[in-house]
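*Asks:* Numbering (the working numbering), first residue to last: 362 to 538. Backbone N, C-alpha and C define an ideal beta-carbon position, used for all residues, glycine too. None of these values were measured; they are calculated from a predicted model.
Here it is in structure tokens:
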């Protein structure tokens with residue numbers, strides 16, 4: 362999508378997610394900045410106007426940078442958007458706002474999240490139902506299962522739906538789906 366259309370689409374998605382949150386609910390929204398046409402597209406503009414409580418920096422480790430015009434990006438932002446009554450579970454407030462968690466390397470999805478990253482979120486909140494509208498390879502479902510939470514995964518790619526299903530069923534060959 363052209364950048365303005367992408368921003369509007371994501372704002373619409375965030376608006377609906379915030380709308381369905383319980384009064385004690387929270388949204389952890391990840392969207393990394395990108396350089397397009399030699400200039401930074403600040404994805405933070407997507408969350409402006411929403412009840413943004415904090416920005417968590419996910420230090421995900423390095424990757425390959427073929428562009429000689431900027432430094433190797435190794436971080437992504439996770440925006441904590443929440444309703445006024447939201448609280449972290451006891452002890453979670455001892456975590457810092459920088460999470461050094463290595464990115465997933467053996468997942469065939471082009472933008473996978475590590476289970477450890479989602480586990481950190483799951484273990485920090487008391488909610489019992491988790492929604493992931495961009496489910497990809499099902500990492501959120503895997504983490505929710507471990508945490509004993511119900512989950513709803515939405516994914517438009519049939520390939521990734523099948524991958525998630527096999528992964529959540531515990532199939533060893535889910536990466537080949």
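1. For the candidate residues 516, 509, 525 and 493, whose alpha-carbon lies nearest to that of residue 381?
2. Pop quiz: residue 518 and residue 480 are said to be a contact at Cβ under 8 Å. What is the actual Cβ separation, rounded to whole angstroms?
3. Measuring only the C-alpha atoms, how far is residue 451 from residue 429?
4. Counting C-beta neighbours from all protein chains within 10 Å, is the total for residue 437 16 or more, i.e. buried, or is it exposed?
5. Evaluate contact between the stretch 381-392 and the stretch 441-455, counting only Cβ atoms and requiring at least three cross-stretch pairs below 8 Å.
6. Do you know whose CA, among 395, 391, 411 and 404, lies nearest residue 376's CA?
7. How far does the beta strand (DSSP E) with residue 396 in it extend, from its first residue to its last?
8. Hey, quick one: how far does the alpha helix (DSSP H) through residue 442 stretch, first residue to last?
9. Per DSSP, what are the beta-bridge partners of residue 390 in this structure?
10. Along the chain, where does the beta strand (DSSP E) containing residue 416 start, and where does it finish?
11. Would you kindly work out how many angstroms separate the C-alpha atoms of residue 534 and residue 458, rounded to a whole number?
12. Going by other Cβ atoms of all chains shown within 10 Å of its Cβ, with 16 needed for buried, is residue 524 buried or exposed?
13. Measure the C-alpha to C-alpha separation of residue 396 and residue 537 and round it to an integer number of angstroms.
14. Give me whichever residues DSSP pairs with residue 512 in a beta bridge.
15. Any idea what DSSP makes of residue 366, helix, strand or coil?
16. Comparing alpha-carbon positions, which option in 486, 508, 500 and 363 lies nearest residue 527?
17. Which word fits residue 432, buried or exposed, when buried means at least 16 other C-beta atoms lie within 10 angstroms of its C-beta?
18. Give every residue of the same chain whose Cβ lies closer than 8 Å to the Cβ of residue 399, excluding the five residues on either side of it in the sequence, and list them in chain order.
*Replies:* On the basis of the coordinates in this document:
1. Position 20 of the chain shown holds residue 381. The shortest C-alpha separation from residue 381 is found at 493.
2. Position 157 of the chain shown, counted from the first residue, corresponds to residue 518. Position 119 of the chain shown, counted from the first residue, corresponds to residue 480. The pair is not a contact, with the Cβ atoms about 24 Å apart (cut-off 8 Å).
3. The count along the chain shown starts at 1 and reaches residue 451 at position 90. The count along the chain shown starts at 1 and reaches residue 429 at position 68. Each residue's Cα considered, the two are about 45 Å apart.
4. Numbered from its first residue, the chain shown carries residue 437 at position 76. Buried, because 16 or more other Cβ atoms sit within 10 Å of the Cβ of residue 437.
5. Segments in contact, yes.
6. Counting from 1 along the chain shown, the entry for residue 376 is found at position 15. Looking at the Cα atoms, 411 is the closest of the given residues.
7. Within the chain shown, the letter at position 35 stands for residue 396. For residue 396, the enclosing beta strand (DSSP E) covers residues 395-397.
8. What you label residue 442 is simply residue 81 of the chain shown in a count that begins at 1. Here residue 442 belongs to no alpha helix (DSSP H); instead the beta strand (DSSP E) covers 436-443.
9. Within the chain shown, residue 390 is the residue found at index 29, counting from 1. 440, per the DSSP bridge assignment.
10. Numbered from 1 along the chain shown, position 55 holds the residue referred to as residue 416. First-last of the beta strand (DSSP E) with residue 416: 413-420.
11. Here residue 534 refers to the residue found at position 173 of the chain shown. Here residue 458 refers to the residue found at position 97 of the chain shown. Using only the alpha carbons, I get a separation of about 35 Å.
12. On the chain shown, position 163 is the one that residue 524 refers to. Burial call: buried.
13. By 1-based counting over the chain shown, the position of residue 396 is 35. By 1-based counting over the chain shown, the position of residue 537 is 176. Looking at the two C-alpha atoms, the distance is approximately 31 Å.
14. As a position in the chain shown, residue 512 is number 151, starting the count at 1. The bridge partners DSSP lists for residue 512 are 491.
15. Residue numbering aside, residue 366 sits at position 5 when the chain shown is read from its first letter. Helix.
16. Numbered from 1 along the chain shown, position 166 holds the residue referred to as residue 527. Out of 486, 508, 500 and 363, the CA that lies nearest to the CA of residue 527 is found in 500.
17. Here the question's residue 432 lines up with position 71 in the chain shown. Taking a 10 Å sphere around the C-beta of residue 432, we find fewer than 16 other C-beta atoms and assign the residue as exposed.
18. Along the chain shown, read from residue 1 onward, the residue named residue 399 stands at position 38. Only 430 meet the Cβ criterion.
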